[in-house]
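**Q** Have a look at this one before I ask anything.
4 protein chains.
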Amino acid sequence: MALTPEQEAEIESARAHPRPTLRAVSEGMEAHLYRAHPVLDHGFIRVVDYMGDDSAIVQAARVSYGAGTKHVSNDEGLIRYLMRHWHSSPFEMCEVKLHVKLPVFVARQWIRHRTANVNEYSARYSVLDREFYIPAPENLAAQSKVNNQGRGETLAGEEAARVLEILKSDANRAYDNYEGMLGQAQPDGSPQQGLARELARMNLPANVYTQWYWKVDLHNLFHFLRLRADPHAQYEIRVYAEAIAACVKDWVPLAYAAFEDYRLGGATLSAKAVAVLKRRLAGETVDEAASGMSKGEWREFTALWG
Amino acid sequence: MALTPEQEAEIESARAHPRPTLRAVSEGMEAHLYRAHPVLDHGFIRVVDYMGDDSAIVQAARVSYGAGTKHVSNDEGLIRYLMRHWHSSPFEMCEVKLHVKLPVFVARQWIRHRTANVNEYSARYSVLDREFYIPAPENLAAQSKVNNQGRGETLAGEEAARVLEILKSDANRAYDNYEGMLGQAQPDGSPQQGLARELARMNLPANVYTQWYWKVDLHNLFHFLRLRADPHAQYEIRVYAEAIAACVKDWVPLAYAAFEDYRLGGATLSAKAVAVLKRRLAGETVDEAASGMSKGEWREFTALWG
Amino acid sequence: MALTPEQEAEIESARAHPRPTLRAVSEGMEAHLYRAHPVLDHGFIRVVDYMGDDSAIVQAARVSYGAGTKHVSNDEGLIRYLMRHWHSSPFEMCEVKLHVKLPVFVARQWIRHRTANVNEYSARYSVLDREFYIPAPENLAAQSKVNNQGRGETLAGEEAARVLEILKSDANRAYDNYEGMLGQAQPDGSPQQGLARELARMNLPANVYTQWYWKVDLHNLFHFLRLRADPHAQYEIRVYAEAIAACVKDWVPLAYAAFEDYRLGGATLSAKAVAVLKRRLAGETVDEAASGMSKGEWREFTALWG
Amino acid sequence: MALTPEQEAEIESARAHPRPTLRAVSEGMEAHLYRAHPVLDHGFIRVVDYMGDDSAIVQAARVSYGAGTKHVSNDEGLIRYLMRHWHSSPFEMCEVKLHVKLPVFVARQWIRHRTANVNEYSARYSVLDREFYIPAPENLAAQSKVNNQGRGETLAGEEAARVLEILKSDANRAYDNYEGMLGQAQPDGSPQQGLARELARMNLPANVYTQWYWKVDLHNLFHFLRLRADPHAQYEIRVYAEAIAACVKDWVPLAYAAFEDYRLGGATLSAKAVAVLKRRLAGETVDEAASGMSKGEWREFTALWG
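Laid out in structure tokens, this is it:
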């Protein structure tokens, strides 16, 4: 995404005038404020506001546990303790507000995370721009043969070219017709009335870009990141999650490090998996049949543990 | 929407075998169970399950208020009292699960109601059908000239024909290309791999049909109905809300009657509006300038009160 | 509530070091930050953090409605429009975090507002202080004879004295025994082990003070204030709501003014009430029998409209 | 808890009249409906209504994944797959409504689970009964010396007797005074007015019993059970969780079995823990220093893995 000079100027203007506040300030996050981090071909994420920092998490926890937290000597240790024991409410005490520009099919996945506040650009009120997500060639993947919701190899040569040509021409034709139905392409004084915007929009494909303000607390944001920054997430939402994660890391470095250790990099084991690992640690060789796991569980288990 | 004979048979089969239960039963709702109520050209709503009835609301309220509810002599009076005084939790004690088939742009409005549970058909896993919403000619409305999010007159003659032609041909071309990219139209052993479903879907316009299971409690359903069965709601979601409202009326007739009186048919007044009405009741003539209201408020006020 | 010198010093220290931020700043709210506003005999509310201001509401709305908002000429008009039409999401874009000290029976009412984040002092981990709410004599009210959940006249003379004596002595005895069971009153080297804190706390009455951090968005806070700053709310929670409302008024003055006009000072009418008012405006005299309302509805209706 | 003959009769009457329904029926849950399962000395849980069964979970998942679910051959495999991959929405399609009688201090922990619907008996409207939780001697535990929120050894002999005596006499005195302030103990025509119920209740300790209707979906119920049926949960809430779990097992046996395997009996590992286990599996001996874990993490890790 290339910002227009007007947008660049607006961002610089918003960043030009720091004001004094008595609130908690995260230097790392101040550096991100208002700046657009490009995602995909026309999208971005921008941090528009935030509340709290690492010490706000600690402060909230100490209200809860009172003297009970004194034995944890420092902030990092306490934050790691909270993350390890699934104490979610202290992380809810931080909040962030993002401005996101994203394709509609990504927005549809994203909105399934309900515990957040959203203001989306309304195509009932206003006209959408002619901007569509067209994948880069290296992201044009074939359907996976083993995973119903996954991707396989990258499409090559002619097939890739054909797909790109379809996506581009269908998007442009749809947009031409959208404009045509709205009547905005007829400035010649014709009697055309123009279809209502709330109807005309239905002609636009799911790769058209929309935008929204999305506000979420840190606990729910971590949940979002765990699912969407995961390798199994669809590439087009994963890159948004990764761009957000990079900001979160600068915002609350201690909490993010705990999240990386306990969630992103960790593993969840079933009772069966615990039993198999214990047998292996005791020197036993355990195969699929002896594990009691289904074929799918065993495949996932051995992918991690060999 | 016309059901296929297979679907009709499935519904009749699901309705053929009543089983005994000790739970609260609503005869009015049993008559709706599983049956598809057609909405728009290919959509429907179906009640798939429900919990509770009017007496469940009363029962929950009596737990809360104990002896305090005895002075309300009957169920109807108590339900009206609860509705009038915004006691929401007793209405939350009823729950309904719907199967809905609807265009994507309607689904996008609908999902903004967050306090509900949803399982939507996933176009990452599975292939969507060739079904698109094409408005009936009488619903092809022009953009309203006074209301940014509303409709004006119905499009006539050639313009209507042109719009319908666009919507149909764009939808079909998009679907042809969707299939083509998926590679399902090439059963000839060609080397084509087929684009991943999660990518190919982005070519489909917002009038393609999707479907979901949607589960919601009665309090939140009333909130949905108040906003979406309202004359200001977009026609295409309003008809869904109306079809659901007809089922709710049979399910919990006392609660629905109270909802109609206090919410659908009622009015909300600002402090300024209360003051104007009191002055009018005292015989005074109050015009816009003397009301203290903005132009928009005054227009809405006089639309109701003259 | 009188703060200890240590607490006063801590607050002044937190207020002593403004730092630069690029975020939206509300001067009105900065003046409140960290300061304790006394409520009841030992309670307080303190603003610990906030996000956004009036212009953040407007900004979020303009993202949603795009060019559609241009016809509303100014921020105040747009905020009033949003409030009038129940557009809740722009108000959700502001957030506030409070530190509250309050009696347990007030906390139990408060927590019923679920859309908020809470960290409460845990009496499993830590020992509660000897602080109990004892009503001022003018708040010692008799049970209302007409309202099951309301108060009647103030208790007088001997009865008031007797009640105060009971509340004080029961609270102190309960706390003495709480300490005794915890074993903290036996520093004489006795072999007593001390009951687990999570059990000992069960001896404490509902007027003991607890404290929590409570974080909520502005939309849900307005909902809380509408119910709890209402004359029908119990006095002991209403004074908290009023103290919070005073801060909100300084934080987002335009939004608060709209809230006062459309919610606090407004009225909700049923379809029946609309019909009666219209008949009255047309010169007709309508009595209870002709209104179609129940006794209770009629009483509430005439309380406002005469 | 011993039910009164009236209550027994009411339950039997509610169970006496099965009615036909077309909804999903769980035989296992029908056997529980309305019956009170005793918990603690005066508490109980009763299933009052439910929606859905194991096949409702499967049905919802198949709507989402369409043809994508066909490769999972049976219901059990699909339910295990959903649980393993944290697909929560199909489990949200089941709902249960419970009637629970419980001490106030347990209710205060319980209500922290926000995603549920509650109607609690209101002591503003009505008078509470003289029922208090008094622990059985074997549950009178000392404060743990190593765990700030845990229990240590059982109190013995004189100290136990002293604690029980305090709890009983304080509860009774508090209730006598509650009644006295309400004025219900003076039927002699005295001029006493009686303190408002909303005030008098503040004298009652946290072991007084309250009751509520609690309605929750299966996904959120599993979350509740994972935290509250856990050995680290306070005994007094754990016994409620266990009583509920026993009903859930009969209601949705396949989902419950998956929950037991993947949640209750499973384990969560941090990235550090995964690394240590891999080194151990490779034959290496890893001690605390080499693990990179904190003292607390290492203690928890070795508790499971040796």
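As you go down the protein sequences, you meet chains Y, U, W and Z in turn. The numbering used here puts the first residue of the first sequence at 1, with every later residue one more than the last. The numbering used here puts the first residue of the second sequence at 307, with every later residue one more than the last. The numbering used here puts the first residue of the third sequence at 613, with every later residue one more than the last. The numbering used here puts the first residue of the fourth sequence at 919, with every later residue one more than the last. Positions of the beta carbon are idealized from the N, C-alpha and C atoms, including for glycine.
#1: In chain Y, which residues lie less than 8 Å from GLN823(W) when you measure between Cβ atoms?
#2: Pick from ALA116(Y), GLN109(Y), SER144(Y): whose alpha carbon is nearest that of ASN425(U)?
#3: Going along the chain, which residues of its own chain have a beta-carbon closer than 8 Å to the beta-carbon of PRO409(U), five neighbours each way excluded?
#4: Keeping to the same chain, check which residues put their C-beta closer than 8 Å to that of ARG1042(Z); ignore five residues upstream and five downstream.
#5: In angstroms, rounded to a whole number, what distance separates the CA positions of SER903(W) and GLY358(U)?
#6: For HIS223(Y), which of LEU167(Y), ASP287(Y), VAL248(Y), ALA171(Y) has the nearest alpha-carbon?
#7: Find the residues of chain Y that neighbour ARG1198(Z), judging by a C-beta separation of less than 8 Å, and give them in chain order.
#8: Does any CB atom of chain U fall closer than 9 Å to the CB of GLN1104(Z)?
#9: Assign HIS323(U) to one of two classes, buried (16 or more other C-beta atoms within 10 Å of its C-beta) or exposed (fewer than that).
#10: If we cut at 9 Å on Cβ distances, does THR1186(Z) have a partner in chain Y?
#11: By how many angstroms is the C-alpha of ARG635(W) removed from the C-alpha of VAL670(W)?
#12: What does a CB cutoff of less than 6 Å around TRP86(Y) pick up in its chain, not counting 5 residues either side in sequence?
#13: Determine the chain Y residues that contact GLY463(U) at a beta-carbon separation under 7 Å, and present them in chain order.
#14: Give the DSSP-derived three-state secondary structure of THR914(W) in the structure shown.
#15: Would you check if the distance between the CB atom of LYS403(U) and the CB atom of TYR481(U) is smaller than 9 Å?
#16: Between which residues of its own chain and LEU624(U) is the CB-CB distance below 6 Å, once the five residues before and five after are set aside?
#17: Compare the C-beta of GLU401(U) with all C-beta atoms of chain Z and state if any pair is closer than 9 Å.
#18: Does any C-beta atom of chain Z lie closer than 9 Å to the C-beta of GLU300(Y)?
#19: Which residue wins for smallest C-alpha separation from ALA621(W), given the options THR897(W), ALA648(W), GLU872(W), PHE717(W)?
#20: Between ASP381(U) and chain W, is there a C-beta pair that is closer than 9 Å?
#21: Given that GLY946(Z) touches chain W, what residues does it touch there, using C-beta distances under 9 Å?
#22: Classify SER1040(Z) as buried or exposed, calling it buried when 16 or more other Cβ atoms lie within 10 Å of its own Cβ.
#23: Could you give the C-beta distance for VAL106(Y) and LEU140(Y), rounded to a whole number, given that I count them as a contact under 8 Å?
#24: Residues in the same chain with beta-carbon distance under 6 Å from ALA806(W), minus the five sequence neighbours each way, listed in chain order, please.
#25: Can you pull out the residues from the region 1046-1060 of chain Z whose beta carbon lies closer than 9 Å to at least one beta carbon of chain W?
#26: Helix, strand or coil: which one does DSSP assign to ILE657(W)?
#27: Taking CB distances under 9 Å as the criterion, tell me whether MET695(W) reaches chain Y.
#28: Using only the alpha-carbon positions, how far apart do PRO949(Z) and GLU242(Y) sit?
#29: My understanding is that ALA879(W) touches LEU916(W), with C-beta atoms under 8 Å, so please give their C-beta distance in whole angstroms.
#30: Would you mind reading off the limits of the alpha helix (DSSP H) that contains TRP557(U)?
#31: For TYR922(W), which option in ARG62(Y), ALA229(Y), ILE244(Y), LEU128(Y) has the closest C-alpha, if you only look at C-alpha atoms?
#32: Chain U partners of LEU350(Y), CB-CB under 7 Å?
#33: When the Cα atoms are used, what is the spatial distance from LEU269(Y) to ASP967(Z)?
#34: So what does HIS711(W) bridge to, in DSSP terms?
#35: Rounded to the nearest angstrom, what separates ARG299(Y) and ARG1048(Z) at their Cα positions?
**A** Here's the rundown:
#1: Walking along the third sequence from the start, residue 823(W) turns up at place 211. Per Cβ cutoff of 8 Å: VAL63.
#2: Residue numbering aside, residue 425(U) sits at position 119 when the second sequence is read from its first letter. Checked all of ALA116(Y), GLN109(Y), SER144(Y); the closest Cα to ASN425(U) is GLN109(Y).
#3: Numbered from 1 along the second sequence, position 103 holds the residue referred to as residue 409(U). Excluding positions up to five away in sequence, the list reads LEU346, GLY349, PHE438, TYR439, ALA512, ASN513, VAL514, TYR515, THR516, GLU542.
#4: If you number the fourth sequence from 1, residue 1042(Z) lands on position 124. Excluding positions up to five away in sequence, the list reads ARG1115, GLU1116, ARG1119.
#5: Position 291 of the third sequence, counting from 1, holds the residue named residue 903(W). Position 52 of the second sequence, counting from 1, holds the residue named residue 358(U). Distance between the alpha carbons of SER903(W) and GLY358(U) is about 32 Å.
#6: Walking along the first sequence from the start, residue 223(Y) turns up at place 223. It is VAL248(Y) whose Cα lies nearest to the Cα of HIS223(Y).
#7: For the purposes of this step, residue 1198(Z) is taken as the residue at position 280 of the fourth sequence. Neighbours of ARG1198(Z) on chain Y, chain order: LEU281.
#8: As a working mapping, residue 1104(Z) is identified with position 186 in the fourth sequence. Caution is warranted here: a pLDDT of 48 is assigned to GLN1104(Z), below 50, making its placement in the model unreliable, and no coordinate value can be reported.
#9: Taking the second sequence and counting its residues from 1, one reaches residue 323(U) at position 17. With fewer than 16 Cβ atoms within 10 Å of its Cβ, HIS323(U) is classed as exposed.
#10: Residue 1186(Z) sits at position 268 when you count from the first residue of the fourth sequence. Yes, THR1186(Z) lies at the interface with chain Y (some Cβ there is under 9 Å from its Cβ).
#11: In the third sequence, counting from the first residue as 1, residue 670(W) sits at position 58. In the third sequence, counting from the first residue as 1, residue 635(W) sits at position 23. C-alpha separation (whole angstroms): 15 Å.
#12: Working through the first sequence from its first residue, we reach residue 86(Y) at position 86. Hits under 6 Å: none found.
#13: In the second sequence, the residue the question calls residue 463(U) occupies position 157. Neighbours of GLY463(U) on chain Y: none; closest Cβ ~10 Å, over 7 Å.
#14: To locate residue 914(W), count along the third sequence from 1; it is residue 302. Correct three-state label for THR914(W): helix.
#15: Here residue 403(U) is taken as the residue at index 97 of the second sequence, counted from 1. Here residue 481(U) is taken as the residue at index 175 of the second sequence, counted from 1. In this structure, the beta-carbon distance from LYS403(U) to TYR481(U) does not fall below 9 Å.
#16: As shown, chain U starts at 307 and ends at 612. That puts residue 624(U) outside it, with no answer to give.
#17: The count along the second sequence starts at 1 and reaches residue 401(U) at position 95. Answer yes: the Cβ-Cβ gap between GLU401(U) and chain Z drops below 9 Å somewhere.
#18: Taking the first residue of the first sequence as position 1, residue 300(Y) is located at position 300. True, the Cβ-Cβ gap to chain Z drops below 9 Å.
#19: Indexing the third sequence from 1 puts residue 621(W) at position 9. Checked all of THR897(W), ALA648(W), GLU872(W), PHE717(W); the closest Cα to ALA621(W) is ALA648(W).
#20: Within the second sequence, the letter at position 75 stands for residue 381(U). Not an interface residue.
#21: On the fourth sequence, residue 946(Z) is found 28 positions in, with the first residue counted as 1. Near GLY946(Z) there are no residues of chain W at all, since even the closest Cβ is about 30 Å away, more than 9 Å.
#22: Within the fourth sequence, the letter at position 122 stands for residue 1040(Z). That one is buried.
#23: As a first step, residue 106(Y) must be located in the first sequence, where it is residue number 106. As a first step, residue 140(Y) must be located in the first sequence, where it is residue number 140. That belief does not hold up - the Cβ atoms of VAL106(Y) and LEU140(Y) are roughly 16 Å apart, past 8 Å.
#24: Translated into positions along the third sequence, residue 806(W) becomes position 194. Checking the sequence, you will find Gly at residue 806(W) rather than Ala. Answer for GLY806(W): LEU794, GLY795, listed in chain order.
#25: PHE1050, TYR1051, PRO1053, ASN1057, LEU1058, ALA1059, ALA1060
#26: In the third sequence, residue 657(W) corresponds to position 45, counting from 1. Strand at ILE657(W).
#27: In the third sequence, counting from the first residue as 1, residue 695(W) sits at position 83. Cβ-Cβ to chain Y under 9 Å: no for MET695(W).
#28: Working through the fourth sequence from its first residue, we reach residue 949(Z) at position 31. Working through the first sequence from its first residue, we reach residue 242(Y) at position 242. Correcting the residue type first, residue 949(Z) is Ala in the shown sequence and not Pro. Distance from the CA of ALA949(Z) to the CA of GLU242(Y), rounded to the nearest whole angstrom, comes to 50 Å.
#29: For the purposes of this step, residue 879(W) is identified with residue 267 of the third sequence, where counting begins at 1. For the purposes of this step, residue 916(W) is identified with residue 304 of the third sequence, where counting begins at 1. Sure, about 6 Å apart at Cβ, within 8 Å.
#30: To locate residue 557(U), count along the second sequence from 1; it is residue 251. It spans 541-557 - the alpha helix (DSSP H) in which TRP557(U) sits, taken as one unbroken run.
#31: Absent from the structure is residue 922(W), since the part of chain W shown begins at 613 and ends at 918.
#32: Not covered by the structure: residue 350(Y). The range shown for chain Y is 1 to 306.
#33: Stepping through the first sequence from its first residue, residue 269(Y) is reached at position 269. Stepping through the fourth sequence from its first residue, residue 967(Z) is reached at position 49. Each residue's alpha carbon lies about 33 Å from the other.
#34: The residue given as residue 711(W) occupies position 99 in the third sequence. The partner list for HIS711(W) (beta bridge, DSSP) reads ARG658(W), TYR825(W).
#35: As a working mapping, residue 299(Y) is identified with position 299 in the first sequence. As a working mapping, residue 1048(Z) is identified with position 130 in the fourth sequence. Roughly 58 Å between the two C-alpha positions.
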